[in-house]
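Engineer:
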Amino acid sequence: PSDHNSSLDISYQYQIFPDEVLGSGQFGIVYGGVHKTSGRSVAIKVIDKLRFPTKQEAQLKNEVQILQEIHYPGVVNLENMFETPERILVVMEKMKGDMLEMILNSKPGRLSERVTKFLIYQILHALRYLHSRNICHCDLKPENVLLSSDSDFPQVKLCDFGFARLIGEKSFRRSVVDNCIINVLFGRKTGTPAYLAPEVLRNKGYNRSLDMWSVGVIIYVSLSGTFPFNEEEDISDQITNAAFMFPPDPWNQISPDSVDLISNLLQVK
24 PSDHNSSLDI SYQYQIFPDE VLGSGQFGIV YGGVHKTSGR SVAIKVIDKL RFPTKQEAQL
84 KNEVQILQEI HYPGVVNLEN MFETPERILV VMEKMKGDML EMILNSKPGR LSERVTKFLI
144 YQILHALRYL HSRNICHCDL KPENVLLSSD SDFPQVKLCD FGFARLIGEK SFRRSVVDNC
204 IINVLFGRKT GTPAYLAPEV LRNKGYNRSL DMWSVGVIIY VSLSGTFPFN EEEDISDQIT
264 NAAFMFPPDP WNQISPDSVD LISNLLQVK
């Protein structure tokens, strides 16, 4: 967009802490920083345009464009963007880790049903909002669910909208899972394979039910600490084999309601 701030502005408004690396991803490195006037902590994503493929630049612009339209407590807030000939700098609110770290750092390597329910409920509310705006996230996974604190029951916010899509009204009306508050998230070959619905892999297009598939995988991963599928076998065969999908360890410690919910979300269309 033409309304990007000019290159010089960022040093007037923000200080970047090069020693505080919060993460690195396909778009560059995320540093801690501070808004100089207010003292508010921020995260600043710094992208080197010279090493950045054009295709990914389009993806980033897509993410920024979508986030500039969204103001919702369950979606990470994009505060500012700066562009120089060499770099793109995206300023966002600073969070405290992600859901994947939370799962990996928990003692048994998985989360309790109570904590999982608390997190998933928030994810679904954010997704319901996105879908009401005809936006599909398209790359939902635990590392794209950020935490606002390191408490046992943190507020969560969705991030990483690089693959997000605007979906036509008609494909939304075809959604199978409208009777749940679970309305939500996934649809593009370039998403993360372990979280992709079979319809996506078969190029059948996108709607909310594809996003629901990703939510099912997230619940499974959160409760068990493992992925539901392996890539060698056909997903349909794996889904119909409950003993394969839900081995006694740990699933005999998990409620039948949770197993039913996952089974209903992981449906091959």
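Numbering (our numbering), first residue to last: 24 to 292.
Each residue gets a CB set at the ideal place from its N, CA and C atoms; glycine is no exception.
Hey, which unbroken runs of the alpha helix (DSSP H) at 4 residues or more fall wholly within the segment 65-112?
Structural biologist: If we require 4 residues or more, the alpha helix (DSSP H) runs fully inside the segment 65-112 come out as 77-92.
Engineer: Just verifying my parser: in three-state terms, what is the DSSP assignment at K212?
Structural biologist: As a working note, residue 212 is residue 189 in the sequence shown. Low confidence applies here, because K212 scores a pLDDT of 36, under 50, leaving its location unreliable; read the following figure in that light. Three-state result, K212: coil.
Engineer: On the three-state DSSP scale, how would you describe D272?
Structural biologist: Within the sequence shown, residue 272 is the residue found at index 249, counting from 1. Helix.
Engineer: Can you name the start and end residues of the beta strand (DSSP E) that I277 belongs to?
Structural biologist: Here residue 277 corresponds to residue number 254 of the sequence shown, with the count starting at 1. From DSSP, I277 is part of no beta strand (DSSP E); its letter is neither H nor E.
Engineer: Of the choices D173, S47, G56 and I52, whose alpha-carbon is the least far from that of Y35?
Structural biologist: Mapped onto the sequence shown, residue 35 falls at position 12. Comparing Cα-Cα distances from Y35 to each of D173, S47, G56 and I52, the minimum goes to G56.
Engineer: Could you tell me which whole alpha helix (DSSP H) segments of length 4 or greater appear in the segment 105-172?
Structural biologist: Taking only runs of at least 4 residues, the alpha helix (DSSP H) segments lying wholly in the segment 105-172 are 122-128 and 136-155.
Engineer: Let's test the definition: count the other Cβ atoms within 10 Å of the Cβ of H154 and tell me whether it reaches 16, buried, or not, exposed.
Structural biologist: Here the question's residue 154 lines up with position 131 in the sequence shown. Burial call: buried.
Engineer: Quick check on this structure: which residue in L83, P108, K140 and L123 has the alpha carbon closest to the alpha carbon of V114?
Structural biologist: Taking the sequence shown and counting its residues from 1, the one referred to as residue 114 is at position 91. The shortest C-alpha separation from V114 is found at L83.
Engineer: In the DSSP assignment, what residue or residues form a beta bridge with R188?
Structural biologist: Taking the first residue of the sequence shown as position 1, residue 188 is located at position 165. DSSP, once it has assigned bridges, lists C159 as partnering R188.
Engineer: Could you tell me if V44 is buried or exposed, where buried requires 16 or more neighbouring beta carbons within 10 angstroms of its beta carbon?
Structural biologist: As a first step, residue 44 must be located in the sequence shown, where it is residue number 21. So V44 counts as exposed.
Engineer: Hey, out of Q88, F184, I258 and V138, whose CA is closest to S281's CA?
Structural biologist: Here residue 281 is taken as the residue at index 258 of the sequence shown, counted from 1. Checking every option, the nearest Cα to that of S281 belongs to V138.
Engineer: Just the C-alpha distance for Y37 and H58, rounded to the nearest angstrom, thanks.
Structural biologist: Mapped onto the sequence shown, residue 37 falls at position 14. Mapped onto the sequence shown, residue 58 falls at position 35. Whole-angstrom Cα-Cα distance: 5 Å.
Engineer: For the putative contact between W274 and S247, defined by C-beta atoms under 8 Å, what is the C-beta separation to the nearest angstrom?
Structural biologist: If you number the sequence shown from 1, residue 274 lands on position 251. If you number the sequence shown from 1, residue 247 lands on position 224. At roughly 7 Å, the Cβ-Cβ gap stays under 8 Å, so W274 and S247 are in contact.
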